[in-house]
């Protein structure tokens, strides 16, 4: 019996120890949870303080901006819907009085056609002989180019005796020779004589007998000369040249215009 009582006492002691152990473990878990909650609260408090600081800065910046009264003043000064509609009506009225796209296109086409016509009429060149000397066979060298609105068609080289007309067609040719006595001038195309011009009393009257009128002290040449205007139909890349027979101290010009 004594042994049985001792065994029961030991069992009860073990149960009490187990119960105390469980209570201690429970208390430890509670203490741990409290400590964790306290750490989270500190973090939350730090974040809240940061937010309050940012809100304070934002509030100060907002106070620097325009208040509601200023906004209302600006809004009152803006145009209302009726004023906007009125302005749009005025714009539409002005636009209705403008030319339409089709009218503008037609005008541009007409202008392009007119420009093309003017360009073709302005295809001209003019060259001068001032060296007072001819080349072989009396060929006149064209020393100076005074005008050329179409250098791609009227090809000229300094001191050459010909001008090349690249485009075929009808051309107006003008020429003038200024010398002391009446000269004889021949127009050549590709080396072949096509026109001879010689002063005659029946065609031109000069008021100085058999001599052309001298300019005296004003220039080194004569006031009047042998001039002529004619029209020639040229093939492609035609070489136009002039030969001269007369006084050596003569000067001349030649002009070509594509028709």
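Numbering (the numbering used here), first residue to last: 122 to 380.
For each residue, glycine too, the CB sits at the ideal point set by N, CA and C.
Note that the structure is predicted; figures quoted are calculated from it, not measured.
Alpha-carbon to alpha-carbon, residue j and residue i
{"i": "residue 243", "j": "residue 286", "result": "15 Å"}
{"i": "residue 204", "j": "residue 217", "result": "20 Å"}
{"i": "residue 384", "j": "residue 345", "result": "In this structure the chain extends from 122 to 380, so residue 384 is not present and cannot be described."}
{"i": "residue 303", "j": "residue 319", "result": "7 Å"}
{"i": "residue 278", "j": "residue 246", "result": "13 Å"}
{"i": "residue 232", "j": "residue 273", "result": "24 Å"}
{"i": "residue 358", "j": "residue 271", "result": "14 Å"}
{"i": "residue 267", "j": "residue 379", "result": "17 Å"}
{"i": "residue 366", "j": "residue 297", "result": "13 Å"}
{"i": "residue 257", "j": "residue 282", "result": "10 Å"}
{"i": "residue 157", "j": "residue 129", "result": "42 Å"}
{"i": "residue 280", "j": "residue 315", "result": "22 Å"}
{"i": "residue 137", "j": "residue 147", "result": "15 Å"}
{"i": "residue 310", "j": "residue 249", "result": "18 Å"}
{"i": "residue 151", "j": "residue 180", "result": "43 Å"}
{"i": "residue 211", "j": "residue 227", "result": "27 Å"}
{"i": "residue 115", "j": "residue 235", "result": "This structure cannot speak to residue 115, because the chain is shown only from 122 to 380."}
{"i": "residue 173", "j": "residue 155", "result": "27 Å"}
{"i": "residue 264", "j": "residue 229", "result": "41 Å"}
{"i": "residue 145", "j": "residue 133", "result": "18 Å"}
Supposed close pair residue i, residue j - CB separation, criterion 8 Å
{"i": "residue 290", "j": "residue 355", "result": "7 Å"}
{"i": "residue 313", "j": "residue 352", "result": "Not quite, the Cβ-Cβ distance comes to about 17 Å (not below 8 Å), so this is no contact."}
{"i": "residue 363", "j": "residue 308", "result": "6 Å"}
{"i": "residue 251", "j": "residue 369", "result": "About 13 Å; that fails the 8 Å criterion."}
{"i": "residue 350", "j": "residue 295", "result": "5 Å"}
Cross-strand partners of residue i (DSSP beta bridge)
{"i": "residue 182", "result": "Answer by DSSP bridge pairing: none, since residue 182 is not bridged."}
{"i": "residue 352", "result": "293"}
{"i": "residue 269", "result": "246"}
{"i": "residue 376", "result": "247 and 295"}
{"i": "residue 362", "result": "283 and 309"}
{"i": "residue 252", "result": "Partner(s): none; residue 252 has no beta bridge."}
{"i": "residue 314", "result": "309"}
{"i": "residue 276", "result": "285"}
{"i": "residue 222", "result": "Residue 222 pairs with nothing; no bridge assigned."}
{"i": "residue 234", "result": "Answer is none; residue 234 lacks a bridge partner."}
{"i": "residue 347", "result": "298"}
{"i": "residue 208", "result": "Paired residues: none, contrary to the question."}
{"i": "residue 260", "result": "364"}
{"i": "residue 319", "result": "305"}
Buried versus exposed, by CB contacts within 10 Å (16 or more), residue i
{"i": "residue 135", "result": "exposed"}
{"i": "residue 255", "result": "buried"}
{"i": "residue 300", "result": "buried"}
{"i": "residue 375", "result": "buried"}
{"i": "residue 306", "result": "buried"}
{"i": "residue 284", "result": "buried"}
Alpha helix (DSSP H) segments (min. 4 residues) lying fully within the stretch 128–158: none
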